[in-house]
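Residue numbers (the numbering used here): 42 to 92. We treat Cβ as the ideally placed atom computed from N, Cα and C, and that holds for glycine. The structure displayed is predicted, hence computed values, not measured ones. Notes to accompany the following structure.
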């Protein structure tokens, strides 16, 4: 799975959690959006090693 797709899925989960009726939903939402944006910003590792 691509890192960008995984980041978008995690951010979407965080946004959905924000609209739930739980008491501490903002903590889970903030963590999910932070982790998801970390996946979006992170560069892809290249494996261009000549053997």
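Sequence-distant residues of the same chain with beta carbon closer than 8 Å to residue i, five excluded per side
i	result
residue 72	55
Nearest-angstrom beta carbon gap, residue j and residue i [assumed within contact, 8 Å]
i	j	result
residue 53	residue 78	Contact flag wrong, Cβ pair sits at about 12 Å.
Distance, residue j Cα to residue i Cα
i	j	result
residue 70	residue 45	18 Å
residue 59	residue 86	32 Å
residue 43	residue 74	17 Å
residue 63	residue 57	12 Å
residue 90	residue 76	29 Å
residue 84	residue 50	17 Å
Proximity test, Cβ basis, 8 Å: residue i and chain D
i	result
residue 49	The displayed structure is made up of one protein chain only, and chain D is not part of it.
Neighbourhood of residue i by C-beta, 7 Å cutoff - its chain only, sequence neighbours within 5 removed
i	result
residue 66	58 and 59
Three-state secondary structure assigned by DSSP to residue i
i	result
residue 60	coil
residue 66	helix
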